[in-house]
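Trainee:
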Amino acid sequence: MRKTNAVLLGTFFILYAATFLPNVGIINDLAFWGIFPEPLAFTLIINAINTVIIFVIYAKVFKPFAIRMEKILAEEGEIK
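Residue 24 in the working numbering sits at position 43 of the sequence shown, and the numbers go up by one each step.
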C-alpha cells in the first residue's frame, strides 16, 4: 500500500511539473486541440488527471489517518 501511495504521489508531482512545460517553450505551438490552443488544452488535461489523483490519495491516505487520530484522541479523552 505504501508503494502504491508513493507511486500516486510521484505521478502527481511529475504531472504537476509537466503543466509548466508550455511556460518554457515545450508544447507551445499555436495549433488548436478542439476549441483550445495546444498549451491550454495540455495544461487542462494534466490538471484534470491531477485532480483525480488527489481525490484518490485523499481517500487512501488522509481520510484513514484522520479516523485513526480521532480514535486515539477519543481514547485519551476517556482516560483523563
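Ideal Cβ placement from N, Cα and C applies to all residues, glycine included.
#1: Taking just the CA atoms, how far does residue 4 sit from residue 57?
#2: So residue 12 is in the alpha helix (DSSP H); what residue range does that whole segment cover?
#3: Report the rounded CA-to-CA distance for residue 8 versus residue 0, giving the unit in angstroms.
#4: My output table needs one value for residue 6: the three-state DSSP class, helix, strand or coil.
#5: Judging by CA-CA distance, which residue of 48, 52 and 35 is the nearest neighbour of residue -6?
Mentor: According to the data block:
#1: Distance between the alpha carbons of residue 57 and residue 4: 51 angstroms.
#2: Here residue 12 belongs to no alpha helix (DSSP H), and DSSP marks it neither H nor E.
#3: About 10 angstroms.
#4: When secondary structure is reduced to three states using DSSP, residue 6 falls in the coil class, being assigned neither helix nor strand.
#5: Between residue -6 and the set 48, 52 and 35, the nearest pair of CA atoms involves 35.
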